[in-house]
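In my numbering, the protein residues as written are 154 to 602.
Each residue gets a CB set at the ideal place from its N, CA and C atoms; glycine is no exception.
Remember, it's a predicted structure, so these values are computed and weren't measured experimentally.
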Ligand SMILES: *Cc1c(COP(=O)(O)O)cnc(C)c1O
């Protein structure tokens, strides 16, 4: 075998002294060669590169442990899987098997949940856009409709009158929880009385049954106390509804937004050391909910629509090195076959990236670029990384949330997604797209042929 090293133009790097860790001044990069006993090279040999890899075991563990964490602090808990975070059938199905309902924000997500066997009453229908047709379906299905604005409320009043059916509704409430930017574009505001006004309108309708209160204060919230403020404001509203109308609501829905283990750009310490744990979020929410004035079994159920924090660490993206380069300032650059087209979250995350092969202990500041002909296609502007050869694999971790829904079919077709099953087998859960897939949607006018 020819083991001759590839020639590289010599460069001079400034040496930064004094930045020692316990191993000395060298950064030790440990490779990630396998996932649950499967060698990454074997996986890409069989399923191609780039390749998304999901772990059934990890998803189940995450959901089970989240349920345990919340149930030890509050007696009535129900999770609903946030479809937009990852709506692959295989992923949703596992969450449903673990007892989670469906939280959807569009018509097609709603239909997808039903196709997966979720009963209407176990679907939470959120989002600012709900067509009249989809509202009719949701009313008939007895789904939980979370009203976002007054126009939707008027639609519901009209439709339930026409259909002579009752709708089961909640309102989405936005509020000041001390974080910036404030998410006040969804739902009805708490502080200015808009939420109270919406509730007055709802309770005046015999066909609208107010069953819950909902909030989703944002995403990747790194301050657990914000959830305490949110929970206690919703409880304050629930108590007001009780005093004013003698209505006890069934549930308080705290939405999603817990941070995952990804590190934000601009954040110095890794997320593992900075973001609150699920236990801390759960403590904060349980503390806020204690302000309830309901008695005994009337206690509202706590709903959670956790997305990111339950799926991010259950997925990997394997990618192949296409080329090595030196930028004009001497910085080493790697070009890999997966870019921001498949890793949308790299806009705000410094993804954890490892090499899949035993590499040199020597690392160097390296920029990592995707394969797109676009300057923005940068996965990492510069991180310590060992030298890698063309054809070698690298792997990005914590990519389960939003990438498989926000990915772009741009310049390249989307790749295969596989799942490592609990029994050790490997299943293809989404096929790579082909040119035919693209052409199926296109129509070439006869006039142009
Ligand atoms: C996106 C979304 C979620 C999930 O948010 P995460 O940050 O992924 O936990 C939950 N509820 C609603 C209403 C959402 O829009």
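Does the beta carbon of residue 369 fall short of 7 Å from some heavy atom of ligand 1? Residue mapping note: residue 369 aligns to position 216 of the chain shown, counting from 1. Yes; taking the cut-off as 7 Å, the Cβ of residue 369 has a heavy atom of ligand 1 nearer than that.
Report the three-state DSSP secondary structure of residue 206 (helix, strand or coil). Along the chain shown, read from residue 1 onward, the residue named residue 206 stands at position 53. Reduced to three states, the DSSP call for residue 206 is strand.
Which ranges would you report for the alpha helix (DSSP H) in the region 381–445 if only whole runs of at least 4 residues count? Every alpha helix (DSSP H) of 4 residues or more that sits fully in the region 381–445 is shown, in chain order, as 424–427, 431–442.
Going by the DSSP bridge assignment, what does residue 365 pair with across the sheet? Numbered from 1 along the chain shown, position 212 holds the residue referred to as residue 365. Note: residue 365 sits in a beta bridge opposite 323, 404.
Quick check: what's the CA-CA separation for residue 407 versus residue 367? For the purposes of this step, residue 407 is identified with residue 254 of the chain shown, where counting begins at 1. For the purposes of this step, residue 367 is identified with residue 214 of the chain shown, where counting begins at 1. The alpha-carbon atoms of residue 407 and residue 367 are separated by roughly 6 Å.
Cβ-heavy atom distance, residue 255 to ligand 1, below 7 Å: Position 102 of the chain shown, counted from the start, is the residue given in the question as residue 255. With a cut-off of 7 Å, the C-beta of residue 255 is classified as distant from ligand 1, since no heavy atom of the ligand falls inside that distance.
Which residue comes first and which comes last in the beta strand (DSSP E) that contains residue 299? In the chain shown, counting from the first residue as 1, residue 299 sits at position 146. Run containing residue 299: 297–300, per the beta strand (DSSP E) assignment.
Span of the alpha helix (DSSP H) around residue 265: Taking the chain shown and counting its residues from 1, the one referred to as residue 265 is at position 112. Note, residue 265: alpha helix (DSSP H), 260–268.
Between residue 326 and ligand 1, is there a pair consisting of the residue's CB and a ligand heavy atom that are separated by less than 7 Å? Along the chain shown, read from residue 1 onward, the residue named residue 326 stands at position 173. The closest heavy atom of ligand 1 lies 7 Å or more from the beta carbon of residue 326.
Note the first and the last residue of the continuous beta strand (DSSP E) segment covering residue 478. Taking the first residue of the chain shown as position 1, residue 478 is located at position 325. Secondary structure note for residue 478: its beta strand (DSSP E) is the uninterrupted segment 468–479.
Just to confirm my understanding: we take residue 438, look at its own chain, exclude 5 residues before and 5 after, and list those with CB closer than 6 Å. What are they? Taking the first residue of the chain shown as position 1, residue 438 is located at position 285. Here the set comprises 380, 384, 407.
Helix, strand or coil for residue 275, going by three-state DSSP, please let me know. Residue 275 sits at position 122 when you count from the first residue of the chain shown. Here residue 275 sits in helix by DSSP.
Which residue wins for smallest C-alpha separation from residue 526, given the options 563, 548, 311, 500? By 1-based counting over the chain shown, the position of residue 526 is 373. Residue 563 is the option with its Cα nearest to residue 526.
Please name the residue, chosen from 405, 570, 382, that lies closest to residue 391 on a Cα-to-Cα basis. The residue given as residue 391 occupies position 238 in the chain shown. Cα-wise, what sits closest to residue 391 is 405.
contact_flag[the region 447–460, the region 231–244] where n(CB pairs < 8 Å) is 3 or more: Taking a contact to require three or more Cβ pairs closer than 8 Å, the region 447–460 and the region 231–244 qualify as touching.
Shortest alpha-carbon distance to residue 572 belongs to which of 158, 160, 204, 157? Residue 572 sits at position 419 when you count from the first residue of the chain shown. Out of 158, 160, 204, 157, 204 has the C-alpha closest to the C-alpha of residue 572.
From 347, 351, 340, 274, pick the residue whose C-alpha is nearest to that of residue 370; which is it? To locate residue 370, count along the chain shown from 1; it is residue 217. The alpha carbon of residue 370 has as its nearest neighbour, out of 347, 351, 340, 274, the alpha carbon of 340.
Label residue 515 either buried or exposed according to how many other C-beta atoms from any shown protein chain fall within 10 Å of its C-beta, with 16 as the threshold for buried. Looking up residue 515 in the chain shown gives position 362. Per the 10 Å Cβ criterion, exposed.
Distance between residue 589 and residue 292 (C-alpha atoms, nearest Å): Here residue 292 refers to the residue found at position 139 of the chain shown. Here residue 589 refers to the residue found at position 436 of the chain shown. Distance between the alpha carbons of residue 292 and residue 589 is about 38 Å.
Where does residue 562 fall in DSSP's three states? Working through the chain shown from its first residue, we reach residue 562 at position 409. Looking at residue 562 - three-state DSSP - the assignment turns out to be coil, as it is neither helix nor strand.
Using the C-alpha atoms, what's the distance from residue 551 back to residue 224? Sequence index remark: in the chain shown, residue 224 carries index 71 (1-based). Sequence index remark: in the chain shown, residue 551 carries index 398 (1-based). When rounded, the distance between both Cα atoms is 26 Å.
Would you give the residue range spanned by the alpha helix (DSSP H) that residue 508 belongs to? As a working mapping, residue 508 is identified with position 355 in the chain shown. Annotation for residue 508: no alpha helix (DSSP H) segment contains it, though the beta strand (DSSP E) segment containing it runs 506–508.
Proximity of residue 538 and residue 511 at Cβ, strictly below 8 Å: Counting from one through the chain shown, the residue named residue 538 turns up at place 385. Counting from one through the chain shown, the residue named residue 511 turns up at place 358. In this structure, residue 511 does not lie closer than 8 Å to residue 538 by Cβ.
Once the 5 residues before and after residue 569 are set aside, which same chain residues still bring their CB inside 8 Å of it? Translated into positions along the chain shown, residue 569 becomes position 416. By the criterion of a C-beta distance shorter than 8 Å, residue 569 is surrounded in its chain by 200, 201, 204, 205, 581, 583, 584, 585, once the five residues flanking it on both sides are discounted.
Taking just the CA atoms, how far does residue 554 sit from residue 465? Indexing the chain shown from 1 puts residue 465 at position 312. Indexing the chain shown from 1 puts residue 554 at position 401. Their Cα atoms are separated by approximately 5 Å.
Which residues does DSSP pair with residue 572 in a beta bridge? As a working mapping, residue 572 is identified with position 419 in the chain shown. DSSP, once it has assigned bridges, lists 207, 580 as partnering residue 572.
Beta strand (DSSP E) segment containing residue 533, residue limits: Translated into the one-based positions of the chain shown, residue 533 becomes position 380. For residue 533, the uninterrupted beta strand (DSSP E) run begins and ends at 531–539, by DSSP.
Supposed contact pair residue 375 and residue 412 - C-beta distance, whole angstroms, cut 8 Å: In the chain shown, residue 412 corresponds to position 259, counting from 1. In the chain shown, residue 375 corresponds to position 222, counting from 1. Between residue 412 and residue 375, the beta carbon gap of about 5 Å places them in contact (Cβ cut-off 8 Å).
Between residue 151 and residue 352, what straight-line distance do the alpha-carbon atoms span, to the nearest angstrom? The structure shown does not extend to residue 151, since the chain is modelled only from 154 through 602, so no value can be given for it.
Taking the straight line between their C-alpha atoms, what separation do you get for residue 336 and residue 259? If you number the chain shown from 1, residue 336 lands on position 183. If you number the chain shown from 1, residue 259 lands on position 106. Each residue's Cα considered, the two are about 19 Å apart.
Which residue from 410, 388, 461, 496 puts its Cα closest to that of residue 609? With the chain covering only 154 through 602, there is no way to say anything about residue 609.
Who pairs with residue 454 in a beta bridge, going by DSSP? As a position in the chain shown, residue 454 is number 301, starting the count at 1. Beta-bridge pairing links residue 454 to 404.
Note down the Cα distance separating residue 158 from residue 540, rounded to an integer number of angstroms. Position 5 of the chain shown holds residue 158. Position 387 of the chain shown holds residue 540. Between residue 158 and residue 540, the alpha-carbon positions lie close to 11 Å from each other.
Starting from residue 488, follow its DSSP beta bridges and name the residues at the other end. Here residue 488 refers to the residue found at position 335 of the chain shown. Its beta-bridge partners are 476, 522.
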